[in-house]
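Taking it in order: structure first as structure tokens, then the write-up.
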Amino acid sequence: MTIREAMEKRHMVRQYKDTVLSKDVVEKLNDRIGALNQEFHLNLSLHLEDGAAFSDLIGKTLVRNAKNFIILAADPGEGVEEKIGYASADIMLYAQTLGLNTWWVGASFNKEAVAKLSPEHPVYGVISIGYGETQGTPHASKEDFEVCSYEGTVPDWFKEGVEYALMAPTAYNRQSFYLKGKGNEVQFTYKEGEFQGIDSGLVKYHFEAAAGKENFHWV
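Here this note's numbering is used: the first residue of the sequence shown is -6, the next is one more, and so on.
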């Protein structure tokens, strides 16, 4: 499965099978997480067979067997939230290529319990990960004309970038971004608010993966 195919297939999944992740899958996830930590100076970590992150939700919501999760932690710094979002998109889509399902969680997790697992670095969210009971369903989405404009004839890479950017998960499914293109330049803006930086990273990753980094640059 390619990353583009993963973007098409990845949807929020909150109910998982009671299946232990294999040693091979765990090694692949940890290798990917290690590479992201090194590239973006983050402190992401995978935790297995541990219900701590979602202990408050048991019996209260449609969450089931959410016992594997990635802690999204990093030291404060300029652009750190966007880096968290960008790395989150990468690891979730990579997980999808391994046959796994995910759920990005920014608020509905046990913050006290997770903080104890990451005492030295602030936590920005968690990603629940496992084999879903279903593959989830596509989220409601805005139309492409609502989130973009292009000066002149619109190239295919821009169209595809916007199409896949709309597949990115965003907080409360707000999709509060706007992409403005001209030539090989793309300007990205996101409405100010909670999770602005993280959402920006998630959306930018999807746009880049579909449009191709070689076709444009951010301005």
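Positions of the beta carbon are idealized from the N, C-alpha and C atoms, including for glycine.
Euclidean distance between Cα positions of residue i and residue j
i	j	result
Glu75	Asn23	21 Å
Ile77	Thr130	24 Å
Glu105	Asp137	39 Å
Glu126	Ala100	23 Å
Ala204	Phe151	6 Å
Val140	Met0	18 Å
Asn103	Gln128	25 Å
Asp192	Trp97	11 Å
His114	Leu29	16 Å
Per-residue burial, residue i [other beta carbons within 10 Å of its own, 16 or more giving buried]
i	result
Gln89	buried
Val212	exposed
Pro69	exposed
His34	exposed
Glu201	buried
His210	exposed
Ser121	buried
Lys60	buried
Ser169	buried
Residue from the options with nearest C-alpha to residue i
i	options	result
Thr146	Lys173, Ile122 and Thr127	Lys173
Ala133	Asn166, Asn103, Ile120 and Glu153	Asn166
His4	Gly92, Glu144, Ser142 and Ala108	Gly92
Val6	Leu55, Ser15, His40 and Asn36	Leu55
Glu156	Lys197, Gly118 and Lys184	Lys197
DSSP state of residue i mapped onto helix, strand, coil
i	result
Phe170	strand
Met(-6)	coil
Ser142	strand
Val179	strand
Ser38	strand
Phe62	strand
Met0	helix
Met85	helix
Arg57	strand
Closer than 8 Å to chain D by CB, residue i
i	result
Gly190	The displayed structure is made up of one protein chain only, and chain D is not part of it.
Check: What are the start and end residues of each continuous beta strand (DSSP E) run of 3 or more residues lying completely inside the region 88 to 142, in chain order?
Finding: Qualifying beta strand (DSSP E) stretches, in chain order: 94 to 98 and 116 to 123.
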